[in-house]
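Enquirer: Have a look at this one.
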Amino acid sequence: MKMLLASFGRDFLDSLARVGSLNVMFYRTLRSLFPPRYDREELFRQLHRIGVRSLPIVILTALLVGVIMVLQSMTYVRKTGATGFVGAGAGLAVLSELGPSLIGLMFSGRVGANAAAELGNMVVSEQVEALRALAIDPIRFLVAPRFVAIVTSLVLLTVVGDLCGLVGGAMACHWLLDIDWRTFVAGLMEVELLDDFIVGLVKAAAFGGVISTVSSNYGLTVSGGAQGVGRAVNGCVVTTALGIFIADYVITWVWFQI
Amino acid sequence: MALWITVGQMLSLSLWALLRLRLGGREMVRQVYETGNRSILFVGITMAFIGMIGVYELASTMEAVLPEYSTLGAATLQGLTREMGPIMAGLLLATRVGTGMAAEIGSMQVSDQIDAMKLCSVDPVELLVLPRLFASSIASLGLAALGTTIAFFSGMAVAWFGFSILPDTFMSLRFVVTGDLIMGISKALVFGFTVPLVSCACGFQASGGSEGVGKATTRAVVLSSFLVIVEDALITYIGEVLQ
Amino acid sequence: MSTGQTIDPKRPVVQVRGLTHRIGGRRILDDVSLDLHAGEVVGLIGPGGSGKTQLIRCLVTLTWPSRAELRLFDKPVSLLRRRHLRECRSRIGLQFQNFALFDYLDVWNNVAFPLLHARGMTRADADGPVRKALERVGLAGTEEKLPAELSGGMRRRVAIARVMAAAPSFAVFDDPVAGLDPVNSAKIMALLKDYARSAESLVVVATHDLERLLPITSRVVAVFKGRIAYDGPTHDLMSTAPDEVRRFVAAALSGEADPELDEAPGGRGAS
Amino acid sequence: MSEPTPVARLIGVDKSFGSHTVLAAVTLELPAGRCTFVAGPSGTGKSVLVRHLVGLLRPDAGEVWYRDLRVDQLDEQALLVLRRKCVYVFQHPTLFDSMSVAENVALVVKYHKGVKARVAESLARAQLERMGLSRLADARPPELPSGEQKLVSLARALALEPETLILDEPTTGLDPYAAFEIDAHVRQLKEQGVTLLVISHDLQSIRRLADEVVFLFDRQVRYQGGMQGFFEANDPVLDQFVHARVHGAI
Chain A
140 MKMLLASFGR DFLDSLARVG SLNVMFYRTL RSLFPPRYDR EELFRQLHRI GVRSLPIVIL
200 TALLVGVIMV LQSMTYVRKT GATGFVGAGA GLAVLSELGP SLIGLMFSGR VGANAAAELG
260 NMVVSEQVEA LRALAIDPIR FLVAPRFVAI VTSLVLLTVV GDLCGLVGGA MACHWLLDID
320 WRTFVAGLME VELLDDFIVG LVKAAAFGGV ISTVSSNYGL TVSGGAQGVG RAVNGCVVTT
380 ALGIFIADYV ITWVWFQI
Chain B
868 MALWITVGQM LSLSLWALLR LRLGGREMVR QVYETGNRSI LFVGITMAFI GMIGVYELAS
928 TMEAVLPEYS TLGAATLQGL TREMGPIMAG LLLATRVGTG MAAEIGSMQV SDQIDAMKLC
988 SVDPVELLVL PRLFASSIAS LGLAALGTTI AFFSGMAVAW FGFSILPDTF MSLRFVVTGD
1048 LIMGISKALV FGFTVPLVSC ACGFQASGGS EGVGKATTRA VVLSSFLVIV EDALITYIGE
1108 VLQ
Chain C
30 MSTGQTIDPK RPVVQVRGLT HRIGGRRILD DVSLDLHAGE VVGLIGPGGS GKTQLIRCLV
90 TLTWPSRAEL RLFDKPVSLL RRRHLRECRS RIGLQFQNFA LFDYLDVWNN VAFPLLHARG
150 MTRADADGPV RKALERVGLA GTEEKLPAEL SGGMRRRVAI ARVMAAAPSF AVFDDPVAGL
210 DPVNSAKIMA LLKDYARSAE SLVVVATHDL ERLLPITSRV VAVFKGRIAY DGPTHDLMST
270 APDEVRRFVA AALSGEADPE LDEAPGGRGA S
Chain D
7 MSEPTPVARL IGVDKSFGSH TVLAAVTLEL PAGRCTFVAG PSGTGKSVLV RHLVGLLRPD
67 AGEVWYRDLR VDQLDEQALL VLRRKCVYVF QHPTLFDSMS VAENVALVVK YHKGVKARVA
127 ESLARAQLER MGLSRLADAR PPELPSGEQK LVSLARALAL EPETLILDEP TTGLDPYAAF
187 EIDAHVRQLK EQGVTLLVIS HDLQSIRRLA DEVVFLFDRQ VRYQGGMQGF FEANDPVLDQ
247 FVHARVHGAI
């Protein structure tokens, strides 16, 4: 019992320390963004690597999310008989909620984990120390361009993803459930979607910040060889997932207040 | 490509082991404990937030479409059982457990520990993967059940404080049928089996120092999360057709 | 004891013909043929990137070369003959360049791993050889430590003890003194010398530290650019080896730069 | 010969990691314009000692001076300025894998000379040319053998045109040919008057290149003085080291 408490206490203190260092990382990243002196080329390279190359996985995820949402709302529709609800329900869920958070999760796996692994590898092989020894600030050189690229890409990808989610929903209606896709679109039009679309984008930007900060922090604090890199990636995706859902809740709550 | 060959080998080996009922005994029990223990807090917190968000969204949608809340609780519980519970537990399993396994096996691979095992005539799949595979399936089931429960109660809290729906009204089982339960359980089992299978295979494919471990881990989380989503869509569709 | 245990001492332990290995179109090893016998201590030398490690991996069956005829313990080896392969592997000991200690096992279990799994010994039976091997490398008393708690030098010695404890018929030490200062590498080499003398088996040592390697070997195999450039007794090395090998050995032993290299720094590749 | 002025000094430096004491009250002067070797058995904290000079590590106690700068009290920004003059080259070739060799070198030029990417690239290629490494310019670091990777790290450091260069085990783990090539470059730098500090336990390199030798043993400086004196010293520990004897204190 005492050991359990001790280990719980240690975990608690560790997480407090982690939250603190995440905040420091976020602050230092923001500070290095102004004035914008970061490497342009590095930024474009990151945008390409992060944004363009995540496109396939985001499109596939979004299509499937659309399909799942339609299939899911079907059981409810059967009970209430409101076929119009399929479009509205799927549309709202995809745009404001599942779209951003599932795309964010996939993106965190594809990009956040990758960034943590890459930075961690640079720490382990002393490349980050070498940057410091060559008088280059690692935050400005490595973290700032990633931050900008991740936030920008995730917002843009969410726009694409939203569209694909709706297309996936329409396809599911048409082929799997034999509901005319026009019914789906009509249902979609019945509700005010612009707000949900915007809240989705706000969430995406916040998730981008979370993903970038967490992955840079875990990556730059790696210690202990290949094993350490693996542990850091693991910790990174776990913390990111937590961060995404907490941010999601806070934004949803704030949004409905105003 | 090589990855899928590894997955295939591991799959056949594990099915063979399942047939002979050689599940790794004590080691498997230890792994169930480890897997569950490592993920319980994470899954608990995350699912609590998911429940809160879900109810918030659903309630607002109902407000717009059918302006009454009487079915909110029942719909939430059904959605959680069939869909959100298992899929979120699956995704969280992929992030927490999948990356952990890929990292562990990947770092053994790049530091030649796997080769050292082979030289000692030990099959690394049998020693390392099989116990994790069965353990994770069992743990996944438990985590999905726990996650669903936590999400339901956190959703109930939001409904009470945010929308003034009393717990009595919210607590309703009338939508949940046996089919939903079966679907939820089969999803959790399938996800629990897929995640370690793919993640361990990614770990075995690692090469080239710490960079390789990082790549393997990243690949593991992307592939296993994606497979969880694909399988979810498939199982949901099959369930739809059977009904 | 299985029947494979008794082999004719005159027959080679390792026999390989026409070994060629390509990685991504590049030829790493090119038409290598070797016969290695029990009781020999073989020094494997050659410049960095010449294929020594790949050759070792092929010989111990961890890498399957693009083309080769490999016989171990007088029987052809292939992935298909699993029983023989298993038997071969249980008689091979390799000290990996990066030690490859199992980081979830303590020192005792690391050293005992080949005995327990490859030989199928009980823990009680394995205890004797494990403790003896640890004592030999000067690590008695560290049995219950995890590799992460040891210094780099100690991990190296655990890796060497793991090979020694199993007393394999074919032992390979891949760069056992990499990055060590002169005194510590002399200590490790003395350990290997001692082991090679006491064991009636085939011992292969690969390293750049020729000064300490050559005195303990009976035979030298030089690999240059994936080919065997010299294969013969150590004492004939400087008289019969081709020029490039002699130059390499002389440079490593005397510490005097090759005049051609000295005049034009960077003028030619290190490879 | 006049006494050479020290370019860097350590005064009474202590350093521990956890309960493990690596340096205890180390005092040391690094003469300008000469080639000093830091030698000692593996794991005696040679790298730890030297990293203090560029502020990659900070001492638990004691002072670190570079000319008239108190290094152990500088903040990160000031350290960046110092590190342009006094460059540290790591034991493992710390090249950026995603960039070509020329880009690796150009990166440093671009950051410190404030020039456009294209100019930096051509300056970088010129630097590689000077070192006879043009053939490597377009290669990716992971494809190169470790000897060549180390040469490129050296080229990258030299692109900063440092007044002091610190090399951490430049020849460890290399075959004799690769080691010669590195040593030839070090000799060239020595002739150009760059202050050199080389960490190495390679006795052959020490014989070839050292002006001064600092020998670290058991957390302290055991010997500091000329190269000849190092090889002929009447100290059992030094004697064991230079003759690689198995028995003794090491």
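Protein chains in written order, with the working numbering: chain A, 140 to 397; chain B, 868 to 1110; chain C, 30 to 300; chain D, 7 to 256. Backbone N, C-alpha and C define an ideal beta-carbon position, used for all residues, glycine too.
Following the continuous beta strand (DSSP E) through A200/C, name the residue where it begins and the one where it ends.
Expert: Unbroken beta strand (DSSP E) run through A200/C: 199–203.
Enquirer: Between A129/C and chain B, is the shortest Cβ-Cβ distance under 9 angstroms, so that the two count as touching?
Expert: Taking Cβ atoms only, chain B reaches closer than 9 angstroms to A129/C, which makes this a yes.
Enquirer: Within 8 angstroms, do at least three Cβ pairs link the segment 891–906 of chain B to the segment 992–1002 of chain B?
Expert: At 8 angstroms Cβ cutoff, the stretches touch.
Enquirer: Are the segment 209–223 of chain D and the segment 43–52 of chain D in contact at 8 angstroms, needing three or more beta carbon pairs?
Expert: The segment 209–223 of chain D vs the segment 43–52 of chain D: in contact.
Enquirer: State the beta-bridge partners of P12/D as determined by DSSP.
Expert: P12/D is bridged to P37/D.
Enquirer: Is the beta carbon of L168/C sitting closer than 9 angstroms to the one on M183/C?
Expert: Cβ distance < 9 angstroms, so L168/C and M183/C count as in contact.
Enquirer: Mark W93/C as exposed unless 16 or more other C-beta atoms lie within 10 angstroms of its C-beta, in which case mark it buried.
Expert: With fewer than 16 Cβ atoms within 10 Å of its Cβ, W93/C is classed as exposed.
Enquirer: Along chain A, in chain order, which residues have C-beta atoms closer than 8 angstroms to that of F909/B?
Expert: Ordered by position in chain A, the residues that pass the 8 angstroms Cβ test against F909/B are V377, A380, L381.
Enquirer: Among A283/A, V206/A, R192/A, A201/A, which one has its Cα closest to the Cα of N356/A?
Expert: It is A283/A.
Enquirer: Taking only beta-carbon atoms, is R141/D less than 9 angstroms away from chain A?
Expert: No, its Cβ sits nowhere closer than 9 angstroms to a Cβ of chain A.
Enquirer: Using a Cβ cut-off of 7 angstroms, which residues of the segment 977–1006 of chain B contact any Cβ in chain C, in chain order?
Expert: Residues passing the 7 angstroms Cβ filter: S978, D979, Q980, D982, A983, K985, L986, C987, S988, V989.
Enquirer: Can you grab the Cα-Cα spacing for the pair I912/B / I337/A, in whole Å?
Expert: Computed Cα separation, rounded: 27 angstroms.
Enquirer: Secondary structure at S978/B, three-state DSSP: helix, strand or coil?
Expert: If DSSP states are grouped into helix, strand and coil, S978/B belongs with coil.
Enquirer: I'd like to know whether the C-beta atoms of W137/C and L109/C end up nearer to each other than 9 angstroms.
Expert: No, the Cβ-Cβ distance between W137/C and L109/C is not below 9 angstroms.
Enquirer: Are the C-beta of V206/A and some C-beta of chain B separated by less than 9 angstroms?
Expert: Yes, contact with chain B.
Enquirer: If we count the other Cβ atoms within 10 Å of its Cβ and call it buried at 16 or more, is N253/A buried or exposed?
Expert: By the neighbour-count rule (16 or more Cβ atoms within 10 Å), N253/A is buried.
Enquirer: Thinking V964/B and V1095/B are a contact (beta carbons under 8 angstroms), I'd like their distance in whole angstroms, please.
Expert: Not quite, the Cβ-Cβ distance comes to about 12 angstroms (not below 8 angstroms), so this is no contact.
Enquirer: Chain B beta carbons: is any one of them nearer than 9 angstroms to that of L108/C?
Expert: So, not an interface residue.
Enquirer: Rounded to a whole number of angstroms, what is the C-alpha to C-alpha distance between L958/B and W871/B?
Expert: Going from the Cα of L958/B to the Cα of W871/B covers about 21 angstroms.
Enquirer: What's the C-alpha gap between V227/D and V267/A?
Expert: Distance between the alpha carbons of V227/D and V267/A is about 30 angstroms.
Enquirer: Enumerate in chain order the residues of its own chain whose CB-to-CB distance from V192/C is below 6 angstroms, with the five nearest sequence positions on each side excluded.
Expert: Answer for V192/C: G122, Q124, A200, listed in chain order.
Enquirer: Residues of the segment 199–232 of chain D in Cβ contact with chain C at a cutoff of 9 angstroms, in chain order, please.
Expert: Of all residues in the segment 199–232 of chain D, H207, D208, L209, Q210, S211, R213, R214 have a Cβ within less than 9 angstroms of some Cβ in chain C.
Enquirer: Please state the DSSP three-state secondary structure of F323/C.
Expert: Chain C is shown only over 30 to 300; residue 323/C falls outside these bounds and no answer can be derived.
Enquirer: If we require 3 or more residues per run, which beta strand (DSSP E) segments fall completely within the segment 75–152 of chain D?
Expert: The qualifying runs are 92–95.
Enquirer: Just the C-alpha distance for A67/D and F23/D, rounded to the nearest angstrom, thanks.
Expert: The alpha-carbon atoms of A67/D and F23/D are separated by roughly 13 angstroms.
Enquirer: Compile a chain-ordered list of the residues in the segment 243–266 of chain A whose CB is closer than 9 angstroms to at least one CB of chain D.
Expert: Residues E257, N260, M261, S264, E265, Q266.
Enquirer: Can you tell me whether DSSP reads G1106/B as helix, strand or coil?
Expert: DSSP places G1106/B in helix when its eight states are reduced to three.
Enquirer: Does V874/B have its Cβ less than 9 angstroms from a Cβ in chain A?
Expert: So no, V874/B is outside the interface.
Enquirer: Is it right to say C72/C is buried, meaning 16 or more other beta carbons lie within 10 angstroms of its own, or is it exposed?
Expert: Correcting the residue identity first, residue 72/C is Gly in this sequence and not Cys. It is buried - the Cβ of G72/C has at least 16 other Cβ atoms within 10 Å.
Enquirer: Within a Cβ cutoff of 7 angstroms, which residues of the same chain sit near S351/A, ignoring the five residues on either side of it in sequence?
Expert: Hits under 7 angstroms: R285, F286, I289, V290.
Enquirer: Alpha carbon to alpha carbon, how far is V1025/B from M877/B? Give it in angstroms, no decimals.
Expert: Approximately 44 angstroms, taken between the alpha carbons.
Enquirer: How close, in whole Å, do the beta carbons of T1084/B and G918/B come, if the pair is a contact with beta carbons under 8 angstroms?
Expert: With 8 angstroms as the limit, T1084/B and G918/B do not qualify as a contact, their Cβ atoms being about 29 angstroms apart.
Enquirer: If you check the beta carbons only, do T236/C and I74/C fall under 9 angstroms apart?
Expert: In contact: T236/C and I74/C (Cβ atoms closer than 9 angstroms).
Enquirer: From this set, V140/C, A251/C, H264/C, which residue's C-alpha is nearest P271/C's C-alpha?
Expert: Taking only the C-alpha atoms, the option nearest P271/C is A251/C.
Enquirer: What span of residues does the alpha helix (DSSP H) with F280/A cover, start to end?
Expert: Element bounds for F280/A: n/a, residue is neither H nor E.
Enquirer: Let me make sure I understand the geometry here. Which of V121/D, E127/D, L160/D, L34/D has the alpha-carbon closest to that of G138/D?
Expert: The residue with the shortest Cα to Cα distance from G138/D is L160/D.
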